[in-house]
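Engineer:
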Amino acid sequence: MTDSDHYEASVREKRAETVAEFQDHRRSPLHRIQHALHVTPALVPLIVLLVSIIVFGLLLGSRFFSPFALTLILQQVQIVGIVAAAQSLVILTAGIDLSVGAIMVLSSVVMGQFTFRYGIPAPVAVACGLAVGTACGFLNGWLVSVMRLPPFIVTLGSWQIFLATNYLYSANETIRAQEIEAEAPILQFFGAKFEIGGAVFTVGVVFMIALIVLLGWVLRQTAWGRHVYAVGDDAEAAQLSGVNVKRTLVSVYMLSGLICAFAGWALIGRIGSVSPTSGYDANIESITAVVIGGISLFGGRGSIMGSLFGALIVGVFSLGLRLLGADAQWTYFFIGVLIIAAVAVDQWIRKVSA
5 MTDSDHYEAS
15 VREKRAETVA
25 EFQDHRRSPL
35 HRIQHALHVT
45 PALVPLIVLL
55 VSIIVFGLLL
65 GSRFFSPFAL
75 TLILQQVQIV
85 GIVAAAQSLV
95 ILTAGIDLSV
105 GAIMVLSSVV
115 MGQFTFRYGI
125 PAPVAVACGL
135 AVGTACGFLN
145 GWLVSVMRLP
155 PFIVTLGSWQ
165 IFLATNYLYS
175 ANETIRAQEI
185 EAEAPILQFF
195 GAKFEIGGAV
205 FTVGVVFMIA
215 LIVLLGWVLR
225 QTAWGRHVYA
235 VGDDAEAAQL
245 SGVNVKRTLV
255 SVYMLSGLIC
265 AFAGWALIGR
275 IGSVSPTSGY
285 DANIESITAV
295 VIGGISLFGG
305 RGSIMGSLFG
315 ALIVGVFSLG
325 LRLLGADAQW
335 TYFFIGVLII
345 AAVAVDQWIR
355 KVSA
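When we follow this note's numbering, the leftmost residue of the sequence shown carries the number 5, and every step to the right adds one.
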């Protein structure tokens, strides 16, 4: 064998050793955990949710760990959970919607005002409110996709517009629960309660869970869902691969607006009345649920089921700390820590594809 043959054999051996070392590194326990979290992004918030339930259950006993208390959490987060589903769709496209709360309240006001100011049948008024929410979403989507304006700026502006429209149109007038119950009970439909084995559910809770499950299936199993992830991951690459990016973005914002309108209907059922000043902080709460739920703010990664887990985590901490007699500010403190931790974990998980 010549010297050149020996040299080539030595080079091949070193390459083989390098590949083996790389493979061993990639198969390390830490990398396996990182890869598992990358493949199943809802796993982290699910673990946090279960641990928080167990901890508060041990601290509070049956006061917390009971069917009534746990379903009470579901009732408290139903509005945030529905709005978070809408927010999740937008964030998956690498956008953000600061107007979700304003769309929700405006839609509920339209439902109430159309019924009691104009005498329109309540079912028709509800349909009009849903249409208004969808139209608001279309406006956001058109400005983002066609005009190519930044989602943050667009929805920051539309949030102010929708909020002002809400106050001007309603004249800051609240429609009382007694009037709605007597003349248009369908507006309170989502607030209807039923009991199963000591656990109290509402129609709004059932709708929230069904919505999350349906959207999760759509995002995983349909071409539209794959397009949403593709646009969020890399819009230019998605366009080159044949995805109609503009149509996808418009459809996402329209669906988000429709879901927010349903949240407005559920809000009436939750508080009983139509109030133009309610739900003003739903935009921040929805973003909080989405971030804690493991959906990446950079788009293209995450499970919509995580947004439900994120909302439930907030609900568990709120109820648990309240039952412990802690100052309400501790809830904000721990939620803030969870938000920062969730973003840090997301950055760490994203390295798995680097």
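Here a beta-carbon is modelled for each residue, glycine too, at the ideal position from N, C-alpha and C.
Restricting to Cα atoms, I'd like to know which of GLN243, GLY220, TRP221 is closest to HIS231.
Structural biologist: Out of GLN243, GLY220, TRP221, GLN243 has the C-alpha closest to the C-alpha of HIS231.
Engineer: Who are the near neighbours of LEU325 in its chain, counting only those whose CB is closer than 7 Å to its CB and skipping five residues on each side?
Structural biologist: Taken in chain order, the residues that qualify are TRP334, THR335.
Engineer: Classify GLU199 as helix, strand or coil using the three-state DSSP reduction.
Structural biologist: DSSP places GLU199 in strand when its eight states are reduced to three.
Engineer: For ASN170, report the span of its alpha helix (DSSP H) as first-last.
Structural biologist: Its alpha helix (DSSP H) spans residues 155-174.
Engineer: Between ARG251 and the rest of its own chain, which residues show a CB-CB distance below 7 Å, the 5 nearest in sequence each way excluded?
Structural biologist: For ARG251, where only same-chain residues beyond five positions count, there are no Cβ hits under 7 Å.
Engineer: Quick one: complete alpha helix (DSSP H) runs, 4+ long, within the region 46-115?
Structural biologist: Runs of the alpha helix (DSSP H) inside the region 46-115: 47-64, 71-96.
Engineer: With contact counted as at least three CB pairs below 8 Å, one residue from each stretch, are the region 105-120 and the region 340-353 in contact?
Structural biologist: With a cut-off of 8 Å, the region 340-353 and the region 105-120 do not count as touching, because too few Cβ pairs lie within range.
Engineer: Taking the C-alpha atoms as reference points, what is the distance between SER322 and CYS132?
Structural biologist: If you take the alpha carbons of SER322 and CYS132, they lie about 35 Å apart.
Engineer: Relative to the C-alpha of ALA286, which residue among VAL148, ILE58, PRO45, ALA106 is closest?
Structural biologist: Nearest option by C-alpha distance: ALA106.
Engineer: Residues in the same chain with beta-carbon distance under 6 Å from ALA88, minus the five sequence neighbours each way, listed in chain order, please.
Structural biologist: For ALA88, where only same-chain residues beyond five positions count, the Cβ hits under 6 Å are SER290, ALA293, VAL294, SER311, ALA315.
Engineer: At what residues does the alpha helix (DSSP H) containing ARG230 begin and finish?
Structural biologist: 227-237 is the span of the alpha helix (DSSP H), which, as asked, contains ARG230.
Engineer: Our contact map puts ILE179 next to GLN192 with C-beta atoms below 8 Å; I'd like the distance itself, whole angstroms only.
Structural biologist: Actually they are not in contact, since the Cβ atoms of ILE179 and GLN192 sit about 11 Å apart, beyond 8 Å.
Engineer: Does TRP352 pass the burial test, meaning 16 or more other C-beta atoms within 10 Å, or should it be called exposed?
Structural biologist: Answer is exposed; the Cβ neighbour count stays below 16.
Engineer: Just mark ARG305 as buried or exposed, buried being the case when its beta carbon has 16 or more other beta carbons within 10 Å.
Structural biologist: Per the 10 Å Cβ criterion, buried.
Engineer: Can you give the beta carbon distance from PHE313 to GLY297, rounded, assuming they're within the 8 Å contact cut?
Structural biologist: Yes, PHE313 and GLY297 are in contact; Cβ-Cβ is about 5 Å, under 8 Å.
Engineer: Determine, using beta carbons only, whether GLY141 and GLY236 come nearer to each other than 8 Å.
Structural biologist: No, the pair does not count as a contact, with Cβ atoms beyond the cut-off.
Engineer: Less than 8 Å separating the beta-carbons of ALA214 and THR119?
Structural biologist: No, these two residues do not count as a Cβ contact at 8 Å.
Engineer: Report whether the distance from the Cβ of GLN91 to the nearest heavy atom of the ligand FAD is below 7 Å.
Structural biologist: Looking at this structure, you won't find the ligand FAD or any other ligand, since it has none at all.
Engineer: Would you kindly work out how many angstroms separate the C-alpha atoms of ALA175 and ILE165, rounded to a whole number?
Structural biologist: Roughly 15 Å separates the two Cα atoms.
Engineer: Could you pull the start and end residues of the alpha helix (DSSP H) that PRO127 belongs to?
Structural biologist: Its alpha helix (DSSP H) spans residues 126-149.
Engineer: I need the straight-line Cα distance from VAL94 to ILE288, nearest angstrom please.
Structural biologist: Distance between the alpha carbons of VAL94 and ILE288 is about 14 Å.
Engineer: Per DSSP, what kind of secondary structure is PHE205 in: helix, strand or coil?
Structural biologist: Residue state, collapsed to three classes: strand.
Engineer: What's the C-alpha gap between ILE58 and ILE86?
Structural biologist: Computed Cα separation, rounded: 25 Å.
Engineer: Report the option in GLY319, ALA270, VAL130 whose CA atom is closest to the CA atom of THR75.
Structural biologist: If we check each option's Cα against that of THR75, GLY319 comes out closest.
Engineer: Does the distance from the C-beta atom of GLY99 to that of PRO45 stay below 8 Å?
Structural biologist: No. Outside cutoff.
Engineer: Can you check whether the CB of LEU219 is closer than 8 Å to the CB of ILE317?
Structural biologist: Contact: no.
Engineer: Near ILE190, what residues of its chain come up, given a Cβ to Cβ distance below 8 Å and the 5 sequence neighbours on each side ignored?
Structural biologist: ALA126, PRO127, VAL130, listed in sequence order.
Engineer: Quick check for students: name the residue ranges of the alpha helix (DSSP H) that lie wholly in the region 236-271, counting only runs of 4 or more.
Structural biologist: The region 236-271 contains these whole alpha helix (DSSP H) runs: 239-244.
Engineer: Tell me, please, which residues DSSP counts as bridged to VAL294.
Structural biologist: Answer is none; VAL294 lacks a bridge partner.
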